[in-house]
Amino acid sequence: MSAVSIIATLIKLLEVRVSMSNGVKWVTEDPEKKNVFWPSEEMKKKAWVSDPNVYEEAMKDQEGYWAKVAGELHWDKKWDKVYEQNPDKPWEFKWFLGGKINAAYNCLDRHIEAGKGDKVAFVWVPEPVDEKPVEVTYAELNKEVNKLANAMKKLGIKKGDRVGIYLPMIPEMVASLLACARIGAVHNVVFSAFSGESVKDRMEDAEAKLLITANGYFRRGKPLDLKKNADVGVEGTPIENVIVVERTKEIEVNWNEGKDHWYHEIIENESGECESEFVESNDMLFMLYTSGTTGKPKGIVHDTGGYLTQAYITAKNNFNLHDDDMFWCTADVGWITGHTYGCYGPLSVGATQLVFEGAPNYPDMGRWWQVVQDHKVTVLYTAPTAIRMFIKAGDEWPKKYDMSSLRILGSVGEPIDEEAWLWYFRTIGGSRCPVIDTYWQTETGAHVINTLPGVGPFVPTVAGRGFLGINFSLYEEAGNEAEPGVPGFLAMKPPFSPGMLRGIYKNEQKFIDTYWSRFKGVYDTSDGARFTDYDLIRVTGRVDDVMKVAGHRLSTGELENAINEHELVRESAVVPRPDKIKGEVPIVFALLRDASKASDDLKTEIVKHVDKMIGPTARPAEIYFVEDVPKTRSGKIMRRILRGLIKNEPNLGNTTTLLNPECVEHLKEVVGYTGGG
Ligand code: PRX
C-alpha cells in the first residue's frame, strides 16, 4: 500500500468516525432499567405516532380505527359496511364490504396524481459490483407495470386468474406483482431458490395459467439458470404461457416455441396506460404457499382492501416512513415479508426503497454495510439469522462503513435473542436507533405485534404490543385465558385484523382445523408467548411442527415427505436442532429399506434429493441412519423424544408408553446423548 493510499484510508476512517458521532440519537436509555430504551425527543417529533394513548383509542373502536386508516387509501367506491363476521363461524369475516379498490392504483397512480411521479420508487442494486444500480421512479414503474399488464391481458389473463411468479430480486419482480394487481389477477409467488418441483406443486394446486420467470440471476458471483427449474415447474401443469425476463446474456436457455415469450419483447409495443380493475375489497389479491404441519405447503389466501390497509399503515407507522427515507427490507419477495414490506407496504405509502439482488456476503461480509452507506439507508429491516451471521463475521466489517444515515432497525422472522438484539442496536445502529422487533406471519399478512418507534419501549427479545386496533390474548391448553405472567398460546381476538388470511386455497376444512379449532372464537397463531414488563408480549416460538431455518419457514412433515420419496428410504423423522446462526437446522433420522446401504455417499445423495424436491433452504444439517424411531402405540412418530435427544435434554419424558421404548437407548448412542443439556 502506498503512503498516499494509507493517508486516504485514514482520512476515510476519520470521516466515518465523525459522521457516526454526528448521527441523531433516536433513542434514550431508561435511567433505571438496563437495556430498556425509549424514543428520544427527536424521534417523537418525527414519528407518525408518539402518543401512547392512541392504543387505547384504537382499541375502544377497532372498526372505526381501521376504517379511518382505509380512508387514507384510494377507493373507487367506498365500502357499505366496515366489518362483518359470521357469529357461528368466526373464520368467515370480511372487511370493507362493497368497497372497490385496486392495489396497483394505490401503489402508483395515487402518488403520481399527487405530483410524486418523479420520486424514486426503488433503487435496484444488482449483485455484481461492476453493474450499476438502477433508479426507478413511480412514473417509470407505472409505465412498466401497465405494459406488462396489457401484455398479460393479450395472453388471456383476466380478473381472478392465477399467475405464477418465479423471479429473483430484480425490478421485474415488483412490476410483475403490481401488473397482476392492476388487472385483478391473483399472483402466486414461488421463492427463486425453491426447486422446479416446488414450482410445479404450487402451480398445479393454484391452477395457474401463466408463469413469469427469468433466465437466471446472480448468486455469489455466479449466474444461475432459473429457466431450467421453471421448465420443470411448468411441465404437466395448466400453465399455457411463460414470460421470461432476460436477466443476463450469460445463460443460454432451452426455449419452448409458442409457450415461452421474452419479457422485453412481449411488452415492447404495449401501451404504458392500463385501466385499473377495481375489485371488491374482499376479492383475492394474492396467494402464497407456506409450510404447515403436514407434508404439503398450503396456499394462504389474502384479500385486497383489508390486506393493503394493514400493509400500508404498518409500513408507515412502524418504520415511520417519510419522503426523505430510504427503506431497505432485505427479505426476498418470495416470502411474505418481501410481499408486504418489499412491495405493497412501502409503495402504498409512496416511500423510496431499495431492492437488492444478491447474497449478504458477496463479494465480502461488508457488502450490506456498503449498500447502507452508499444509498444512505435510513430504515433497515432484516432477520435475526442474518444478524447472527454478521456477528460471527466480526465487527470489522460494519466498522468500515458510515452508517449514520440509519434511523430505525427492524427485525423479523423468528425470536431475536438478546445478544443479537444488542449487537444490532450497538454495532449497526451505533446505539442511536430503536430496534423494532416485528412479530407476524404469512397468515397475518402484516405486522401484528411490535413497538411503535415513537412510543417504545424497546426491549431486547420482546416484540411489543398488539398493533393499533389488534387484540391479542394468551390461552392455556384447556382453553381458558392464561393468568398474567403465565406463558400461553398466542391468539388474536375478533375483530380479526384486516390483513388476515381469508382461507387456504381450495381447502376450507384445513383452514378451520389449523387456525380455528384449538380455541373457540379466536385465531390460533401456533406460537407460544408471555406477557412481560409494560404489558409487552415476548413471542417464544412455534408450538407445532414448524421449524424456522435461517428465518425460513419449513415443516418437518414437508421435509419427511421429500426424503421418503428417495427410493432407498423407508421412513424418516425430522426434528429441529438449535443453531447459533440459523436459529434452527433440520436433523434427519432415516430408516432405510436396506440398512447395508447406509453410507456417506447416500447422505450426500439425500441432500441432493432435498435440493431437488424443495430447494437448498431445506438442506438437512445431519442425517442419522437408524433402525427405528420412537412411536406411539398408534404408530405416530414421537418427535418430542427425538427433539429431546437432539437437544441433549436431561429429561426425555415418559418413554414407557411407547410402542418401541427399546429404540431410545440405541438412538442415545447414535446421537451421542449424555443428557447434559
Ligand atoms: O414463529 C413465528 C415466527 O415466524 C412465524 C411465521 O413465519 P412466516 O409465516 O414465514 O412469516 C415470517 C415473516 C413474518 C411465526 O409464527 N416469527 C416471525 N416474526 C417473529 C417470529 N417469532 C418471534 N418474533 C418475531 N418477531
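Per my numbering, the sequence shown starts with residue 2, numbered consecutively.
Yeah, the Cβ is synthetic: ideal placement off N, Cα and C, and Gly gets one too.
Check	Outcome
Residues near V671 in its chain [Cβ-Cβ closer than 8 angstroms; skip 5 each side]	Y625 and V627
Contact under 8 angstroms by Cβ, G237 with L227	no
Endpoints, alpha helix (DSSP H) assigned at L303	Looking at the sequence shown, residue 303 is not Leu but His. Run containing H303: none in the alpha helix (DSSP H); it sits in the beta strand (DSSP E), K299 to D304.
Exposure label - A551; buried when at least 16 CB within 10 Å	buried
Residues near E415 by beta carbon distance below 6 angstroms, same chain, minus five either side	P385, K549, G552 and G584
For L643 and A574, believed in contact at Cβ under 8 angstroms, the rounded distance	6 angstroms
R682 versus S556, D536, D534 and G529, residue with shortest Cα-Cα distance	The structure shown does not extend to residue 682, since the chain is modelled only from 2 through 678, so no value can be given for it.
contact_flag[the region 508 to 525, the region 66 to 83] where n(CB pairs < 8 angstroms) is 3 or more	no
Sequence-distant residues of the same chain with beta carbon closer than 6 angstroms to I471, five excluded per side	V449 and S498
Nearest to V164 (by Cα), restricted to the options K117, E93, T214 and E509	T214
T1: first and last residue of the uninterrupted beta strand (DSSP E) it sits in	The requested residue 1 does not occur in the structure, where the chain is confined to residues 2 to 678.
8 angstroms Cβ cutoff met for A182 and L286	yes
Span of the alpha helix (DSSP H) around R644	R640 to K648
Per DSSP, cross-strand counterpart(s) of H188	V164 and F287
Contact test: V413 Cβ vs ligand 1 heavy atom, cutoff 7 angstroms	yes
Heavy atom of ligand 1 within 7 angstroms of T338 beta-carbon	yes
Best match in G300, I392, W398 and K201 for proximity to Q371 [C-alpha to C-alpha]	W398
8 angstroms Cβ shell around K120 - same chain, five flanking residues per side excluded	H112, T138, Y139, D324, G351 and T353
Bridge partner(s) assigned by DSSP for Q86	F94
Cβ shell of D31 (< 8 angstroms), same chain only, five flanking positions each side left out	V37, F38, W39 and P458
Sequence-distant residues of the same chain with beta carbon closer than 8 angstroms to R620, five excluded per side	P587, V608, V611 and D612
Distance between K229 and I252 (C-alpha atoms, nearest Å)	10 angstroms
Proximity test, N81 beta-carbon vs ligand 1 heavy atom, cut-off 7 angstroms	Per the sequence shown, the amino acid found at residue 81 is Asp instead of Asn. No, Cβ of D81 sits at least 7 angstroms from all heavy atoms of ligand 1.
According to DSSP, residues forming a beta bridge with G529	F490 and G542
Classification of S22 by the beta-carbon crowding that lies within 10 angstroms, buried from 16 upward	Residue confidence for S22 is low, a pLDDT of 45 falling below 50, so the modelled location carries little weight and cannot support an answer.
Rounded C-alpha distance that separates E358 from R221	10 angstroms
Status (buried if at least 16 other CB within 10 Å, exposed otherwise) for N87	exposed
Touching by the beta-carbon criterion (3+ pairs, under 8 angstroms), the region 140 to 152 and the region 261 to 268	yes
Collapsed DSSP secondary structure at G689 in the structure displayed	The chain is shown from 2 up to 678; residue 689 falls before or after that span and cannot be answered.
Residue burial classification, T605 (beta-carbon count within 10 angstroms, cutoff 16)	exposed
Stretch-stretch touch, CB-based, cutoff 8 angstroms, three pairs: the region 274 to 281 with the region 180 to 196	yes
K201 classed as buried or exposed, judged by whether at least 16 other C-beta atoms fall within 10 angstroms	buried
T341 in three-state terms, based on DSSP	helix
Buried versus exposed, by CB contacts within 10 Å (16 or more), V130	exposed
Touching by the beta-carbon criterion (3+ pairs, under 8 angstroms), the region 188 to 198 and the region 163 to 179	yes
H567, buried or exposed, once every other Cβ within 10 Å from all chains shown has been counted against 16	buried
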